[in-house]
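Undergrad:
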Amino acid sequence: NLRLIRNSQCAMVYKPEHILQEFNMNFVPKEQAKTLKLDLIEQKILDLLANGELNYDKILSGIDLPVNELSSLLSLMVIKGLISKNGTLYSLS
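One point on numbering: in the working numbering, the residue at position 86 of the sequence shown is 607, and numbering is uninterrupted.
1) Looking only at its chain, what residues have a beta carbon closer than 8 Å to the beta carbon of N576, apart from the 5 residues adjacent to it on each side?
2) Nearest-angstrom Cα distance between D585 and V599?
3) Are the Cβ atoms of L603 and S614 separated by less than 9 Å?
4) Quick one: grab the DSSP three-state call for Y619.
5) With a threshold of 16 other CB atoms inside 10 Å of the CB of E563, please say whether the residue is buried or exposed.
6) Name the DSSP bridge partner or partners of L613?
7) Got a sec? Which residues, its chain only, sit under 8 Å from K579 by beta carbon, not counting five neighbours each side?
8) Taking the straight line between their C-alpha atoms, what separation do you get for G649 and L567?
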């Protein structure tokens with residue numbers, strides 16, 4: 522109601538970010554959040570894939586990780602949307 526706004530009893534909200542600002546919370550865009558949470562190994566995999574699609578063996582040769590750990594990490598990166606898997610090839614999403 523306009524009376525509430527005039528009396529400063531509520532604020533106009535046009536975007537979700539306005540609500541966060543009202544509660545002194547920060548908004549981090551989804552794309553930026555992805556890059557902030559990368560560990561060193563994930564970043565190394567992204568760097569390898571920046572040159573193009575690679576199969577599992579090529580990624581393994583460029584990363585110092587045991588086979589089972591790399592498999593798990595690649596699966597998690599696919600789930601997070603950081604990389605894509607097409608058949609036997611991995612690429613950046």
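Beta carbons are placed, not taken as given, at the ideal position from N, Cα and C, and that holds for glycine.
TA: If we stick to the structure as given:
1) T609, L610, Y611
2) Going from the Cα of D585 to the Cα of V599 covers about 20 Å.
3) In this structure, the beta-carbon distance from L603 to S614 falls below 9 Å.
4) An answer regarding residue 619 cannot be provided, because it is not within the stretch 522 to 614 covered by the chain.
5) buried
6) I604
7) L569
8) No answer is possible for residue 649: the residues shown for the chain start at 522 and end at 614.
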